[in-house]
Amino acid sequence: MKNKDILFKAAIIFSCLIFSPLIISAKVTIQKNSQGGYQLYVDKRPFLIKGVIYNPTPVCSGYDYVFLNDPKKPWLVDGKLMKEMGVNVVRIYSCSSAQWGKIKEFIRDMYNNFGIYTIVSDWIGLWDKPSPNYADRESRERIKMNILKIVKALKDEEGLLMWILGNENNYTFSGKIAFWTSPEIEKIPDLYKRVLKRAEIYYSFVDELAKEIKKIDSNHPVALGNGEVSTLDVASRVCKNIDTLAIISYRGKRFGNLFENIRYAFDKPILISEFGCDSYDAYQNREAEDIQAEYIQLQWKSIFENTIFCGNKRGNCIGGTLFEWSDEWWKYNEGYTPDWCIHNPEAGWSNGSYYFDIKAKDNLNMNEEWFGIVKLLEEKDEKGLNRRVPKKVYYILKDIWTKPFYSPPS
């Protein structure tokens, strides 16, 4: 009787193993060739990241909107449009360890329904209140525990592509955003050397995180998120466990010497993790989808020309994630909720590389609410989602990204 009971239990376990779906995460690797070029592979297949940043904030919602909690699941509508466009990756900025069940659902929906991979990023506390102090042991430990919980929960997801640590956290070193310091730093008399010390402390923490992540997950690259090239020379000395760089860059129509500068500062493969152009002309006070399309088309050309895919054997770029999928109506006056229902034309900051409207008042020409390649209408569909209307650049990128073998636009 005892033997029969054992055999019965064994049969149940065996049947569960056979008939239960088995999720096997993709093996994502990066290889360097003899000429210094880099190639990303997903399960041994060459892979070029044609991505968008995804944060589909509805009209009349704001900074506190979390799309993972939205019962309407906007990604099921957006994913269809993305697939038609040729998008193969979405990047999300953050998720908390408490949301791991919902982010799993999102990753699986995007991959199983549309064949789209997900890059999971973490702010490393950048926008926390109070701001994080990367020199403080308790702050570091709290951030690390949250990130490692996320990694443990998601590491086996088939639709996961890579991890990105940080975004533009290097701007904290000078106090441009979220200033932090320590008694050790304040003892340094030279202000620039204080900046370098903050960089060393922060990047050493990122390296510590990357090392711990790799103990848990050996199948997915770990990227350092960084605003432009600033202080990458410091990162190169202390970040020994980083696989790739995720660089934010808004240089207008082209990236200029960015790729070569990074090659000499920190020789790692480059993902342009944020690039793009808004679709509003702040000088002429009009919508400008034509200008947005021109800029982004040339930006993608610059990215593509620095990949191995175009025949450049020294190509050190593995693709890009465009900022961003859809317009966000809340960004100009984020603390004033009535403004979240208005698509404001006012610009919030200045960038001379986008010279078409730099003559706007006070040279403020960058319109944060208009960066989407899909516009949102106040009118809603049958699911209660704002209707999506692709902009001109959507169709231009669709024409490029859906071709299996293509050349960059002339």
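Take any residue in the sequence shown, note its place counting from 1, add 269, and you have its number in the working numbering.
For glycine and all other residues, C-beta sits at the position ideal for the given N, C-alpha and C.
Taking 7 Å as the cut-off, the Cβ atoms of G348 and N382 count as close.
Inclusion of S622 and R523 in the CB contact set at 7 Å is not warranted, their separation being larger than that value. In chain order, V503 and V507 place their CB closer than 7 Å to the CB of E469, counting only its own chain and leaving out the 5 sequence neighbours on each side. Within the model, the alpha-carbon separation for V662 versus W639 is close to 13 Å.
Distance from the CA of M351 to the CA of I665, rounded to the nearest whole angstrom, comes to 13 Å. Leaving aside the five residues that flank E558 on each side, the residues in its chain whose CB is nearer than 8 Å to its CB run, in chain order, S548, K660, K661 and V662. DSSP, reduced to helix, strand and coil, places C508 outside both helices and strands of the structure shown, so it counts as coil.
Of the residues E374, L501 and F544, the one whose Cα lies closest to the Cα of I322 is F544.
By the Cβ-count criterion, Y461 is exposed, with fewer than 16 other Cβ atoms from all chains shown falling within 10 Å of its own Cβ.
DSSP, reduced to helix, strand and coil, places A616 outside both helices and strands of the structure shown, so it counts as coil.
Distances from the CA of A295 to each of P490, T513 and E529 were compared; the closest alpha carbon is that of P490. DSSP places T500 outside both helix and strand once states are collapsed to three, so it counts as coil. Here S303 is exposed, its C-beta having fewer than 16 other C-beta atoms within 10 Å. Assigned with DSSP and collapsed to three states, C610 falls in helix. Annotated as proximal: Y552 and K628, with beta-carbon spacing under 7 Å.
L591 and I642 do touch by the CB rule: their CB atoms are close to 7 Å apart, below 8 Å. Distances from the CA of D512 to each of A479, R532 and S499 were compared; the closest alpha carbon is that of A479. The criterion of a C-beta distance shorter than 7 Å is satisfied by K537 and L514. When the beta-carbon positions are compared, K301 and Y307 come within less than 7 Å of each other.
Every beta strand (DSSP E) of 3 residues or more that sits fully in the segment 377-440 is shown, in chain order, as 386-391 and 429-434.
Residue burial annotation: S487 is exposed, with fewer than 16 other C-beta atoms found within 10 angstroms of its C-beta. In the structure shown, N338 falls within a helical segment according to DSSP collapsed to helix, strand and coil. Of the other Cβ atoms in all chains shown, fewer than 16 fall within 10 Å of the Cβ of M414; this residue is therefore exposed. Residues V321, I322, Y323, P325, D347, G641, I642 and V643 of the same chain have their beta carbon placed closer than 7 Å to that of W594, with the five preceding and five following residues left out of the count. Taking 7 Å as the cut-off, the Cβ atoms of D626 and N634 count as close.
With contacts defined by Cβ atoms closer than 7 Å, W392 and S365 do not form a contacting pair. DSSP, read as helix, strand or coil, puts P659 in strand. Of the residues V356, L317 and D397, the one whose Cα lies closest to the Cα of D333 is D397.
For R360, the uninterrupted beta strand (DSSP E) run begins and ends at V358 to I361, by DSSP. Assignment of beta-bridge partners to E556 by DSSP yields Y549. Under the DSSP assignment, I454 falls outside any beta strand (DSSP E), being part of the alpha helix (DSSP H) whose first and last residues are P452 to E455. Considering only S390, Y380, K570 and P607, the residue with the shortest C-alpha distance to L345 is Y380. Between E574 and E455, the alpha-carbon positions lie close to 44 Å from each other.
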